[in-house]
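Colleague: Position one of the sequence shown corresponds to residue 19 (the working numbering), numbered consecutively onward.
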Amino acid sequence: MFKKSTLAILIGATISLVGCGSNDKTEIRLPQAPTSEFTNVIDRTGNPTYLRDYDSYSNLKYNALTDNGAWHGHLLPEDAAGYGAFGGIMQVTQEYAHFMSGQTFDKLTLTDKVSGQTYDLSDAEAKIYSIPGALVQVLDLDDIHVQMVLRFVTDRSSLVETLITNKTDRDMNLALEWDGELVKYALSTRKDQTVAQYYPDYKRRISTIENGIKINFSEMKDNWAIRNDRDAEFRITRSLPTKTFTNETSFSSTAEMSLPAEQTSAVYTAYSNLHNAKEVQSESLKLQDVLANPTQYMEASKARWDGYLANGLINKEATADQARVAVKAMETLNGNWRSAAGDIEQATVTPSVTARWFSGNLTWPWDSWKQAYAMAHFNPDVAMDNIRTVFQEQVQADDKIRPQDKGYLLDVLTYTKPVSRGGAGSENWNERNTKPSLAAWSVMEVYHALVNQFDRPEDAQKFIDEMYPKLVAYHDWWLSNRDHNQNGVPEYGAAVDPAHNTEEGVMYVWVETRDPNFTTIIPAEDIIEQNGNSYKVKGMASYNKILDEVDYMTIHVGAQEAAGWESGMDNAARFGFIYNIHNMNSQAEDISNPDKNVDQLGRYAASAYGFDNSIKLEGEEWVYSNTSAENLAKLDLAKKDWEVRFAENRTNNNAADGELLGFSMLQESVDQASYMYSDNKYLAEMAKLVSDGVEGKDRAQEFLNGAEKIKTYINQCMFDESTGFFYDIHLNVAEDGTTPAPLANGCAGLPIVERGKGPEGWSPLFNGAATQEHADKVIAVMRDQDEFNTPDKFQGTGVPLPTASQTNPAYGKDVYWRGRVWLDQVYFGFRAMENYGYKEEAIAMANELFNNAEGMTGDMPIRENYNPETGAVQGASNFSWSAAHLYMMYNGFFKN
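#1: For Tyr553, which of Phe536, Asp566, Ala559, Leu565 has the nearest alpha-carbon?
#2: Measure the beta-carbon distance from Gly298 to Ser175 and round it to whole angstroms, keeping in mind my assumption that it falls under 8 Å.
#3: Tell me which residue opens and which closes the alpha helix (DSSP H) that Asn404 is part of.
#4: With C-beta atoms as the reference, is Gln803 less than 8 Å away from Lys795?
#5: Measuring straight from C-alpha to C-alpha, what distance separates Glu449 and Phe376?
#6: Determine the burial state of Asn311: buried for a count of at least 16 other Cβ atoms within 10 Å of its Cβ, exposed for fewer.
#7: Which value, in whole angstroms, describes the spacing of the CA atoms of Glu179 and Ser302?
#8: CA-CA distance, Asn611 and Pro820?
#9: How far does the alpha helix (DSSP H) with Ser916 in it extend, from its first residue to its last?
#10: Below 8 Å on the Cβ atoms is my contact criterion, and I expect Arg245 with Glu411 to pass it. Report the Cβ-Cβ distance as a whole number of Å.
#11: With Phe269 and Ile227 assumed to form a contact (beta carbons below 8 Å), what rounded beta-carbon distance in angstroms separates them?
#12: Extract the residue ranges of the alpha helix (DSSP H) inside the stretch 576-624, only unbroken runs of 4 or more that lie entirely within it.
#13: Excluding the five sequence neighbours on either side, which residues of its own chain have a C-beta within less than 7 Å of the C-beta of Gly441, listed in chain order?
#14: On the criterion of 16 or more Cβ atoms from any shown chain inside 10 Å, does Cys38 qualify as buried, or is it exposed?
#15: Looking at the unbroken beta strand (DSSP E) that takes in Gln843, where does it start and where does it end?
#16: Where does Asp247 land, buried or exposed, given buried means 16+ other C-beta within 10 angstroms?
#17: For Leu69, count neighbouring C-beta atoms within 10 Å of its own C-beta (all shown protein chains included) and say buried if the count is 16 or more, exposed if not.
#18: Identify the continuous alpha helix (DSSP H) that holds Met485 and give its terminal residues.
#19: Helix, strand or coil for Pro782 per DSSP?
#20: Taking buried to mean at least 16 other C-beta atoms within 10 Å of its own C-beta, is Trp242 buried or exposed?
#21: Which residue wins for smallest C-alpha separation from Lys125, given the options Glu113, Lys857, Gly106?
#22: Quick one: grab the DSSP three-state call for Phe4.
#23: Tell me the rounded alpha-carbon separation between Lys43 and Thr282.
#24: Between Lys388 and Asp877, which are expected to be in contact by the criterion C-beta below 8 Å, what is the C-beta distance as a whole number of angstroms?
#25: Looking at the strands, I want to know which residues DSSP matches up with Glu266.
#26: Please state whether the Cβ-Cβ distance between Asn896 and Ser460 is less than 8 Å.
#27: Helix, strand or coil: which one does DSSP assign to Ser900?
#28: Please check the pair Ala626 and Gly576, which I expect to be a contact at CB under 8 Å, by giving their CB distance rounded to whole angstroms.
#29: Thr520 to Val527, Cα distance in whole Å?
#30: Is DSSP giving Pro777 helix, strand or coil here?
#31: Along the chain, where does the alpha helix (DSSP H) containing His792 start, and where does it finish?
#32: Are the beta-carbon atoms belonging to Phe117 and Val171 less than 8 Å from one another?
#33: Tell me whether the stretch 665-682 and the stretch 769-779 touch, counting them as touching only if at least three CB pairs, one residue from each stretch, are closer than 8 Å.
#34: Counting C-beta neighbours from all protein chains within 10 Å, is the total for Glu636 16 or more, i.e. buried, or is it exposed?
#35: Short of 8 Å in beta carbon distance, which residues of its chain neighbour Thr212, apart from the five on each side in sequence? Order them along the chain.
#36: Quick check on Tyr391: does DSSP put it in helix, strand or coil?
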């Protein structure tokens, strides 16, 4: 028999006598399980079968609880087979997440060595549930009562408290056994392939450590699903002495516990996901204290969540459903919080721990501004760190790759930097573009929350003193590197990058064409690569010739792709993205029966120019039936409406021999203009607040002047009276297609009405830049059931404010940024309506969102976007910026 550990804590059960004549009996008062009015806000149950157990959107199928910045999560058991374990473990590696084990991993079984009775917890009467910050199992058998509570106690470890009560009047000598096996199969879309077959280099190995086990992995890189170093470990450590037997991917551990009659004893188990040997060493020291003082750590974790809820749930006017969604949002945001690791020096918040491309500690600016704005009200320290992470790699004047981009913020930061920046490599790092300038909006919200809600004025002052010069540098970068016509209204564009330009700094495109005159039109020296009908063509002049003279099928412009990303609305209609007949062919599952609605360009050409868009099947491809020159000329006119021109931004007023700074779309975006209006206002406010001596403090009036100038410009140049809506505007260009020349009224060009309406049209209202007259007209469009008010048109299922109006030629209810409902734009729309006197109407729309969006008030996770007509969930699960804006609705919108 092992010597009994002092950490097998004996808890005296309270005995009370219940008298009733001759039927007097003893009642055992059992441990009190933690409860909450917010139970099972998110479905935390699941039994992973595959390492990559995905849904149809490549999300991990189940929603593990993760917290406190830790790099792993746990599931509740799906059914009775998993009672006694939180074994469905999600492991977060450097840039991805996957499931390590199923529900029976590390399952507890009890045997009384005195009576020989074995207690299988699968037979227990069970209460299985989650509450904010914890998972709970209450398992009751005739002789034994087991209560298990899991909480996160460090930024690398979770801790399970297991309280075992002997309900009998005899002493027990219990043998505790935990066993389990790592998931066997690799991928839910290839059900018969084992992990060893699909990832032969992964080589998972379980071995024994003192009072526990460790799981080691070989180095995994460049496979787009798992990324870890060779010294990464997952550890399980117990508070009792254990004996363990392992067999590569399975184990069995045993311990002993003396449990007197009608008494309760505790055992604690810690789970730690560790990136490298250094973390193994440091966390082992922490766990010595954790396991010496487990109740202290469990209480601290509970207190931490009590604080989140106390600070975050302050809207007394909210309904129960609204409060429940707010808690779901808080759980989501805290679940996507990752603590400092790798090259990222402080905490950050990722878009979604469960989404394949949004996990690890991947950090985007656009997401971070929104996340921090919401978290400022319940977790302000993480909010500040999230913003700091974005600015950690802000480009400096001596940058080794892009010194011309001083002040620039990179689009995606990752666990380690790419080799080009002296790091260990990365699969998702991106510096091709940045994101819109809502940074000052976010920083000021954190500042005000620290001062007014948390009574931390000194921390607030330090934060804005720290951030203000960085925000000013970011602001100045937009005007120096993305304002081609230098009128103070920057464009979206793309950075100097191999994905956009040659080593010599010349932009290139890929064009697919069968035009027999192509090689005559385009100079041979500009065709740098050919693959069948696809050509890689360099030079702005040749790109413009392709647009003007070539009969092309498809064209891919790396700079256009990056410009879409830079806007945060990746493939929005206003950036020239629209499906055509070639997309219809490529997307058809059955070529004999394609979805003809996919040919949006053909339909637009028919409506706008009288094009005959009837089609016929030739071999394995659908083509237009009427190929007369007259008819195809109408299609060419339609294509021109969706073509995007670019210009090189250079120093010395864009002199031909100036240094290349990047590329601008030759259109000014109304949302970016509106964000710059707000950026100027917030920077002016901040300039007055920052301490003396902070660089740029004297620029307040400059920023105020800039705001007024942009406000005037937005209303004068970006509003179309005939349709009552705001739009991006074309930069008016000379015949060479590159040189902007302003119109007589000072506007850079005319509104791009032909590409339809999108949520950018209410950005001036959200930011407070619109006149009341213009706002009234925009809101009338927003409330039109044939435009954006889909709940009125699709009664009982519609979700309001899609990312393209239903009249937009490129609208599709399933298209990423041309139809799906994104909750940031919805929130901006609600606030836009409220700002101009339409709060009641906005509340009515918001209620439709809560009523019709699938799973919103139930236990489904918050999603990236929603179908505007059916309310169906789409995209990433557990999505941070959706959660952030739902919390904002609760916290500041659903109030009188």
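Glycine residues also receive a C-beta, built at the ideal position from the N, C-alpha and C atoms.
Modeller: Let's see:
#1: Of Phe536, Asp566, Ala559, Leu565, the smallest CA-CA separation from Tyr553 is found for Phe536.
#2: It should be pointed out that residue 298 corresponds to Val in this sequence rather than to Gly. Wrong, their Cβ atoms sit about 12 Å apart, outside the cutoff.
#3: Element bounds for Asn404: 398-410.
#4: Not in contact: Gln803 and Lys795 (Cβ atoms no closer than 8 Å).
#5: One alpha carbon belongs to Glu449, the other to Phe376, and they sit about 16 Å apart.
#6: The residue in question, Asn311, is exposed, as its Cβ has fewer than 16 Cβ neighbours within 10 Å.
#7: For Glu179 and Ser302, the distance between alpha carbons rounds to 18 Å.
#8: For Asn611 and Pro820, the distance between alpha carbons rounds to 28 Å.
#9: Because residue 916 is not part of the residues shown, which for the chain are 19 to 914, the question remains open.
#10: Arg245 to Glu411, Cβ: 19 Å. No contact.
#11: For Phe269 against Ile227, the beta-carbon gap comes to about 11 Å, at or over 8 Å, which does not count as contact.
#12: Counting only runs of 4 or more residues that sit fully inside the stretch 576-624, the alpha helix (DSSP H) segments are 576-585, 599-605, in chain order.
#13: When the five nearest sequence neighbours on each side are left out, the beta carbons in the same chain lying within less than 7 Å of the beta carbon of Gly441 are those of Asp361, Thr434, Lys435, in order along the chain.
#14: With a pLDDT of 36 at Cys38, under the threshold of 50, the modelled position of this residue cannot be trusted, and the question is left open.
#15: Taken as a continuous stretch (DSSP letters only), Gln843 belongs to no beta strand (DSSP E), being part of the alpha helix (DSSP H) at 841-853.
#16: Buried: at least 16 other Cβ atoms inside 10 Å.
#17: Under this definition Leu69 is a buried residue.
#18: Counting along the chain, the alpha helix (DSSP H) containing Met485 begins and ends at 475-499.
#19: Helix.
#20: Result: exposed.
#21: Residue Gly106 is the option with its Cα nearest to Lys125.
#22: A query on residue 4 cannot be resolved here, the shown segment of the chain reaching from 19 to 914 and no further.
#23: Note that Lys43 scores 48 on pLDDT, short of 50, meaning its location in the model is unreliable and no value can be drawn from it.
#24: That pair is no contact at about 24 Å.
#25: Answer is Ile224, bridged to Glu266.
#26: Using a Cβ distance threshold of 8 Å, Asn896 and Ser460 do not count as a contacting pair.
#27: For Ser900, the secondary structure class from DSSP, reduced to helix, strand or coil, is helix.
#28: The beta-carbon distance between Ala626 and Gly576, rounded to whole angstroms, is 28 Å. This is too long to meet the 8 Å contact definition.
#29: Distance between the alpha carbons of Thr520 and Val527 is about 10 Å.
#30: DSSP places Pro777 in helix when its eight states are reduced to three.
#31: Following the DSSP letters along the chain, one finds His792 inside the alpha helix (DSSP H) bounded by residues 790-800.
#32: In this structure, the beta-carbon distance from Phe117 to Val171 does not fall below 8 Å.
#33: Not touching, per the Cβ criterion.
#34: Exposed, by the Cβ-count rule.
#35: Cβ neighbours of Thr212 beyond the five flanking positions: Lys202, Tyr203, Ala204.
#36: Three-state DSSP puts Tyr391 in a helix.
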